[in-house]
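Novice: Chains as they are written, first to last, in the working numbering: chain A, 5 to 451; chain B, 5 to 451; chain C, 5 to 451.
The structure under discussion is supplied below as structure tokens; questions concerning it will follow.
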Amino acid sequence: MNVSDLRSLPGRDALVRQMRALMEELYPICRSITGDGLRETLRAIGRRIPLALSEVPSGTPVLDWTVPDEWNIRDAYVADSSGRRVIDFRRSNLHVLNYSEPVRRKMPLAELRPFLFALPEHPDWIPYRTSYYERRWGFCLSQRDLDALPDGEYEAVVDSRLAPGALTYGELLLPGETPEEILLSTHCCHPSLANDNLSGIALATALAQLLGTARRRYSYRFLFLPGTIGSITWLARNAEAIAHIRHGLVVACVGDAGPMHYKRSRRGDAEIDRAAAHALARSEREHRIVEFSPYGYDERQYCSPGYDLPVGSLTRTPHGRFPEYHTSADDLAFVRDDALADSLAAYVEVLAILEDNRRWINTSPKGEPQLGKRGLYRAIGGLPDPGRHTFAMLWVLNLSDGRHDLLAIADRSGLSFEVVAAAATRLAEAGLLEPAGSDLPAGGAVK
Amino acid sequence: MNVSDLRSLPGRDALVRQMRALMEELYPICRSITGDGLRETLRAIGRRIPLALSEVPSGTPVLDWTVPDEWNIRDAYVADSSGRRVIDFRRSNLHVLNYSEPVRRKMPLAELRPFLFALPEHPDWIPYRTSYYERRWGFCLSQRDLDALPDGEYEAVVDSRLAPGALTYGELLLPGETPEEILLSTHCCHPSLANDNLSGIALATALAQLLGTARRRYSYRFLFLPGTIGSITWLARNAEAIAHIRHGLVVACVGDAGPMHYKRSRRGDAEIDRAAAHALARSEREHRIVEFSPYGYDERQYCSPGYDLPVGSLTRTPHGRFPEYHTSADDLAFVRDDALADSLAAYVEVLAILEDNRRWINTSPKGEPQLGKRGLYRAIGGLPDPGRHTFAMLWVLNLSDGRHDLLAIADRSGLSFEVVAAAATRLAEAGLLEPAGSDLPAGGAVK
Amino acid sequence: MNVSDLRSLPGRDALVRQMRALMEELYPICRSITGDGLRETLRAIGRRIPLALSEVPSGTPVLDWTVPDEWNIRDAYVADSSGRRVIDFRRSNLHVLNYSEPVRRKMPLAELRPFLFALPEHPDWIPYRTSYYERRWGFCLSQRDLDALPDGEYEAVVDSRLAPGALTYGELLLPGETPEEILLSTHCCHPSLANDNLSGIALATALAQLLGTARRRYSYRFLFLPGTIGSITWLARNAEAIAHIRHGLVVACVGDAGPMHYKRSRRGDAEIDRAAAHALARSEREHRIVEFSPYGYDERQYCSPGYDLPVGSLTRTPHGRFPEYHTSADDLAFVRDDALADSLAAYVEVLAILEDNRRWINTSPKGEPQLGKRGLYRAIGGLPDPGRHTFAMLWVLNLSDGRHDLLAIADRSGLSFEVVAAAATRLAEAGLLEPAGSDLPAGGAVK
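Following this line, the structure appears as structure tokens:
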């Protein structure tokens, strides 16, 4: 089975159930950019796919950054003077400012107030806030709960630990026929937020399972890592692997009801950009193509100018653009099974294009080769429309001059990549195509 | 008289009468890709213009193809049990599947049925069908006639001969001041179909007559040949001539009432593409510019990747896009005299642009040269609009840096090529322009 | 104070008063392309800014031209048989055909008629007409006055002198930190016409005063010269200075009520073209971007192919496009103070962009540098929108690869140049940017 055979999503329903089950298992865990919640998450993924975990000690210099102290938390609450917990980490791990330093202090409400974060525009939702690199403590709560707090004395308790430890990330390499790699990177640092990014974790896991069953031209590298510092750490330690990355996607926010969005790589016209644009344009999906910007998820790091990797991001509603983003409303109900399955299918479609995209050379470039004598052309002539399979063969023959890959031929002809690739296969079998020199870049039309 | 002086179509009415007379003479002949009908057609053309005929023996390898056996036909019919001809080649040569092998068989209607071709969507028209490279026989008839056939025994007779012979094509070279050639290629293989392509034959013949009377910068090569196998045969035998082709047009379907269409060459921005786009854009005609596709007429061969010649196609409604295409409804009444004349004028306009298009070098490139002292500028200054002739001179001077040809200057300035070319002539006469090095390509703006 | 600090137009009201006063002082003077009116004008400007005047003798060859004889005029009129002046230069210097040769002749109206110019479409306005290079005489008057002239004998008197003298122009160089120059060129040859071009003279003078008070990266060369022959003369004599011109603007027609127009340089995508387009696009102004054409003012000379300087033109309603153009209706009331101030602000905005536009190199190009530890990033994370100042820093870091200047970054990011430049300053102060090699061209994205 080739990757292109996965387009039908064999075992679709079981895959969706598995994605849902993984999300439900991971949802309650309090994750952060380091710590046991992150480790527990990676181990849960590792029970599905053979993930290799790396531990990078606090204090390790990574590019311009330093791996921070590890953060672990047991409990956190604000209690009123009667001892009743009015904010309670045990009810939602969003209640604590992520990476809060330990504290145990009594103070009147007015003094506590600057340590409390709420969302006036969504009074029932708890916001998600962090302070990774400046030592702080704080609590997040709904505006409604905040407004209901009576004046009085409160005790704020964060029972956390910030101490030398390690940053953990998980990695899986599925080797292919060539050492050239497709990178799939997903962030695992957010606590109880479902679309951002348990959906990405679940989709990447399912994708690894699917690809594991297929014959792969490319090698596939899956990274499960904390956002920003995780990709920076990985980049700092993997100069050799980076040289093999030919295409990449950042996997995030793939479960909401919104339309698919593809955000281009910094290059803008890399093969991954053309493949994703073609896949979305040919599908029946409503979708958007978004230009690169140096904001979002780990594409910020992969597309920094010192790397400039051809890495885009395929999401549903992007980062920061849905109201539930980084709030308690991004819960398990916010993620829809049909959206997960549709996103997975879109990923498979893009990868199938990358797998089958090649440059060929027409071995009979002067005039059209006689297709009829090779059984590739209908016998009865004179019809106005020869059909898309014949068109596809004629286009592939006409443009297979070493300067156009199949994706460029599909785009120029208006035919789908799938039809064009099938035509190329038939023509290659008939000896009318030979592979273009493998030393040449596999990109689109040479400029 | 220069080619540009032909823009007014001197002798327009006589030309139209001659085109019509040639079409009427050729319409009844049963043509195919080989055979006496094709020979007779080329001889009729040869009575108007000095065509050289070539005969290429059956079995000759030509590129990836082989010249097929020659086909000739005397008679063909289907008769009912009473001997009455219910389908009769003598009424229309479309009734026989073109290139039918000989047959003489009796069979019941059910058995005959797979050998009969009709057009359910146009029940009164006879379709045109062929089987050049697979030995078959068959008949074409209207759906109405097909439906009216009673059950019973029929005799199918095709009195044809498929035997070693030759493929015939006609060629005319009008030499010009330079050996660089403009190719005009038209297919002559279709039997009683008027727009496709007696119209093209008639226009190409008239164009050759017109150009024969003019001073020509370019040499013009006219090819009258059977579609596909004819151009492939010519290409296989004329490597040296091919090297001289600088521009080309495939002439077909130039007589229907639809708007002009220019289909670009594979290159998309060749000088012929720019010239045709400019000519159509400046004319009052409704028109369409169509991107290249590897389907249609002999541009498929000229634009195959091993040649990639700058050959476009200038038609009215393109190939396969009018309902009458390849049916008996494409008859002499379907071709309109005014459309033929208008198409001929469009061809002349495009050729006139190619003839006059050059790159010049401004000999006084620093500042504007003083036009007034050369009598090129009005004496009274201060007027807001100097007029388009002065604008044209200023544009030509400003852009004649060796990188822009006159066509590029016309396109950038928004002026017509004719006005720009006239300005260049005046400036050259005044010594303000000199020809750009002839070793450089004559294309548009250097990139 | 940097040029960018002039954006607020310090002393705006005083500047407008000074521009108005200069226009009022210059309005009555009869200017031409040579002569004492031009000298007097340049001296009046020289009382505001330290202008150096050059005198180039008549007969001096300049490029393809020759400096003409100098023209001076004392009086001109047409008198009727009673001696009454029916056309009188003393009422408006537009009444005389500019550069009229001396004449004193009596003749009947019918004979006089070809020497009289009027504007039928604006019967109350006196047209402005010239005859610099062909010796003529003539008078301009309103159509209404022309129609009212009774038959009879008239005396035409032009008391002028055409004799060897000199062509005068004024020049001011404000040295900057680098010898690279921005050219600001304005024509001073038109007599009593206010928008064309006392407005340009007044704006250029005010701009020179403003820039004189600022720290300048570029050197600024102001040219006040007669149109066409003046710039040709300057170009002929200043080959060395020309080599230093990096950007330029032709200053004209900056006082009418119409929207700003920027006419691109011949190159079309020079840095000045990108800067002006950005400045106008980001402002609240209605505006138009106009493609280059080889007609208009002295950009015709600067953009001739032998120079091809990056010189555009920033005007309000362009040359020849307002009905009052080159008529007596282009008077002091036609120029509006608010338009003058707005035009001046637009010039300052464009120059501020050029001053601050640079290419930088990100010194920490692998991954994002940690902005937080440098105090450049807010501590609390998780918010959906980091604000435009943070966006600007991320864009500058991402695109500062030596191929993009700040203007290209502003255009790609959709942020204003000002915000992007401020971000670059902060990043440079933090050591995260270093200047790109000064040997490289300062243009936009390298192609």
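We treat Cβ as the ideally placed atom computed from N, Cα and C, and that holds for glycine.
Nothing here was measured: the structure is a model prediction, and the numbers come from that model.
1) Tell me the residue span of the beta strand (DSSP E) that contains residue 319 of chain C.
2) With respect to the alpha helix (DSSP H) encompassing residue 260 of chain C, which residues constitute its N-terminal and C-terminal limits?
3) If I follow the unbroken beta strand (DSSP E) through residue 84 of chain B, where does it start and stop?
4) Under the three-state reduction of DSSP, which class applies to residue 242 of chain B: helix, strand or coil?
5) Please state the DSSP three-state secondary structure of residue 250 of chain A.
6) Just to check my reading of the structure: residue 436 of chain C and residue 361 of chain C have Cβ atoms closer than 8 Å, yes? What is that Cβ distance to the nearest angstrom?
7) So, for residue 434 of chain B: in the same chain, excluding its five sequence neighbours on each side, which residues have a beta-carbon less than 7 Å away from its beta-carbon?
8) Along the chain, where does the alpha helix (DSSP H) that runs through residue 176 of chain B open and close?
9) Could you work out which residues of chain B lie near residue 96 of chain C, taking near to mean beta carbons separated by less than 8 Å?
10) Can you check which of these residues, C:406, C:407, C:400 and C:405, is closest to residue 429 of chain C by C-alpha distance?
11) Identify the continuous alpha helix (DSSP H) that holds residue 402 of chain A and give its terminal residues.
12) Could you tell me which whole alpha helix (DSSP H) segments of length 4 or greater appear in the segment 147-213 of chain B?
13) Could you check whether the segment 97-116 of chain C touches the segment 51-69 of chain C, counting it as contact only if at least three pairs of C-beta atoms, one from each stretch, sit closer than 8 Å?
14) Any residues in the segment 370-397 of chain C with a beta carbon nearer than 8 Å to a beta carbon of chain A? Which ones, in chain order?
15) Do three or more CB pairs link the segment 68-88 of chain C to the segment 390-405 of chain B at distances below 8 Å?
16) Apply the 10 Å Cβ neighbour rule to residue 5 of chain A and answer buried if 16 or more other Cβ atoms are within range, or exposed otherwise.
17) On a Cα-Cα basis, can you pick out the residue from C:234, C:206 and C:181 that is closest to residue 219 of chain C?
18) Quick one: give me the first and last residue of the alpha helix (DSSP H) that residue 5 of chain B is part of.
19) Report the start-end ranges of each alpha helix (DSSP H) in the segment 278-327 of chain A that is 4 residues or longer and not cut off at the edges.
20) Can you list the residues of chain C that residue 134 of chain A reaches, using a CB-CB cut of under 8 Å?
21) Give a yes or no on contact between the segment 126-146 of chain B and the segment 323-339 of chain B, applying the rule of three or more CB pairs nearer than 8 Å.
22) Quick one: what's got a C-beta closer than 7 Å to residue 103 of chain C's C-beta in the same chain, skipping five residues either side?
23) Our contact map puts residue 150 of chain C next to residue 120 of chain C with C-beta atoms below 8 Å; I'd like the distance itself, whole angstroms only.
24) Determine, using beta carbons only, whether residue 339 of chain B and residue 202 of chain B come nearer to each other than 9 Å.
25) Check whether the Cβ of residue 310 of chain C lies closer than 9 Å to any Cβ atom in chain B.
26) With 16 other CB atoms within 10 Å as the buried threshold, where does residue 342 of chain B fall?
27) Assess, as a yes-or-no matter, whether the segment 280-298 of chain B is touched by the segment 352-359 of chain B under the definition of 3 or more beta carbon pairs within less than 8 Å.
28) Straight-line CA distance for residue 250 of chain B to residue 297 of chain B?
29) Spatial neighbours of residue 293 of chain C within its chain, please: C-beta separation below 6 Å, excluding the five flanking residues on both sides.
30) Where do the N-terminal and C-terminal ends of the beta strand (DSSP E) with residue 90 of chain B fall, by residue?
31) I'd like to check one pair, residue 30 of chain B with residue 230 of chain B: are the Cβ atoms closer than 9 Å?
32) Kindly indicate which residue of B:163, B:416 and B:432 has the alpha-carbon position closest to the one of residue 368 of chain B.
33) From residue 319 of chain A to residue 72 of chain A, what distance separates their C-alpha atoms?
34) Using three-state DSSP, classify residue 365 of chain B as helix, strand or coil.
35) Rounded to whole angstroms, what is the Cα-Cα separation between residue 301 of chain B and residue 310 of chain B?
36) Starting from residue 355 of chain A, follow the alpha helix (DSSP H) in both directions and report where the run begins and ends.
Specialist: Taking the coordinates as given:
1) 315-319
2) Note, residue 260 of chain C: premise wrong, no alpha helix (DSSP H); not H, not E.
3) From DSSP, the beta strand (DSSP E) with residue 84 of chain B extends over 74-84.
4) coil
5) Under the three-state reduction of DSSP output, residue 250 of chain A falls in the strand class.
6) That belief does not hold up - the Cβ atoms of residue 436 of chain C and residue 361 of chain C are roughly 19 Å apart, past 8 Å.
7) 378 and 380
8) Per DSSP, residue 176 of chain B lies in no alpha helix (DSSP H); the unbroken beta strand (DSSP E) holding it starts and ends at 170-178.
9) Those do not exist, as residue 96 of chain C stays about 15 Å from chain B at its closest Cβ, beyond 8 Å.
10) C:400
11) Unbroken alpha helix (DSSP H) run through residue 402 of chain A: 392-403.
12) 147-152
13) Note that the segment 97-116 of chain C does not touch the segment 51-69 of chain C; fewer than 3 beta-carbon pairs, one per stretch, sit closer than 8 Å.
14) 370, 371, 372, 373, 374, 376, 377, 383, 384, 385, 386, 387, 388, 389, 390 and 395
15) no
16) By the neighbour-count rule (16 or more Cβ atoms within 10 Å), residue 5 of chain A is not buried but exposed.
17) C:181
18) That residue, residue 5 of chain B, is in no alpha helix (DSSP H); it is neither H nor E in DSSP.
19) 303-306
20) 384, 385 and 386
21) yes
22) 36, 75, 134, 135 and 136
23) 6 Å
24) yes
25) yes
26) exposed
27) yes
28) Roughly 20 Å separates the two Cα atoms.
29) Correct list, in chain order: 266 and 281.
30) In the DSSP annotation of this structure, the continuous segment of the beta strand (DSSP E) that includes residue 90 of chain B starts and ends at 89-92.
31) no
32) The residue from B:163, B:416 and B:432 with its alpha-carbon nearest to that of residue 368 of chain B is B:432.
33) 29 Å
34) strand
35) 17 Å
36) 341-360 is the span of the alpha helix (DSSP H), which, as asked, contains residue 355 of chain A.
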